[in-house]
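Report on one structure; see the data block that follows.
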Amino acid sequence: IWLNRPYNFIVGMDSAKFPDSAHDGSILLNAEKKNTDRINLNKEKGKESQYKILQLLASLKGKIILSYSRFDTQGNRELAPSSLMLQLYRLKTGDKQKDYSDFYSSFQDTSGFIPGKPREILDSADWFLYSARHNFL
């Protein structure tokens, strides 16, 4: 329906969120899930999610911008991109030997919560974070 846009932003492409998390909160074992028609196995959910996103990406017109969070502020840890991001990068470059180091070095500019330059400061909270990062406090 809304697939004819000049720019398409797909967010949340980190490995913790996409494809579906390996643990769905269920107390049933995979063997038990096979006995019910209503519950997908975890592996199948991941494959189904990947198929759906590939279908979506193939149907989009215009520029596609994929993004993911590189840091989990609640868990205080770095996050990795979805494996699909690496596969799409390989497809775009035409080199299936590319790895995550090539993928990371291809980034033109990354953004974070803490302003990197003075012109990015919007309020007193940004000023405080910027000052703390650059040891001005």
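By this note's numbering, the letter at position 37 of the sequence shown is numbered 25, and the numbering carries on one by one without gaps.
Every residue, glycine too, gets a C-beta built ideally from N, C-alpha and C.
How far does the alpha helix (DSSP H) with residue i in it extend, from its first residue to its last?
i	result
Leu(-9)	Counting along the chain, Leu(-9) falls outside any alpha helix (DSSP H), and DSSP gives it neither H nor E.
Arg78	Ser71 to Thr81
Asp90	Tyr88 to Ser93
Output the boundary residues of the beta strand (DSSP E) element that contains residue i.
i	result
Lys51	Lys51 to Leu54
Put residue i into one of helix, strand or coil per three-state DSSP.
i	result
Arg65	strand
Asp114	helix
Ile102	coil
Asp60	strand
Ile41	helix
Can you give me the Cβ contacts of residue i inside the same chain, cut-off strictly under 6 Å, excluding the 5 residues immediately before and after it?
i	result
Ser94	none
Starting from the C-beta of residue i, find all residues in its chain whose C-beta is less than 7 Å away, skip the five residues before and the five after it, and write them out in chain order.
i	result
Lys207	Because the chain here runs from -11 to 125, residue 207 falls outside it and cannot be looked at.
Trp115	Ile109
Ser47	Leu(-9)
Leu45	Ile52
If contacts are defined as beta-carbon pairs under 8 Å, then residue i and residue j qualify, I think. What distance do you get, rounded to the angstrom?
i	j	result
Ile53	Asn(-4)	7 Å
Leu125	Ile102	The Cβ separation is near 13 Å, so there is no contact.
Leu74	Phe91	6 Å
Gly50	Arg121	That belief does not hold up - the Cβ atoms of Gly50 and Arg121 are roughly 36 Å apart, past 8 Å.
Lys37	Val(-1)	Before going on, a small fix: residue 37 reads as Ser here, not Lys. Rounded, the Cβ-Cβ distance is 15 Å, inconsistent with contact.
Exercise. Is it true that the stretch 90 to 103 meets the stretch 31 to 42, where meeting means three or more beta-carbon pairs spaced less than 8 Å apart?
Worked result: no
For this session: Evaluate the contact criterion for the stretch -10 to 4 versus the stretch 56 to 68: three or more CB pairs, one atom per stretch, below 8 Å.
Result: yes
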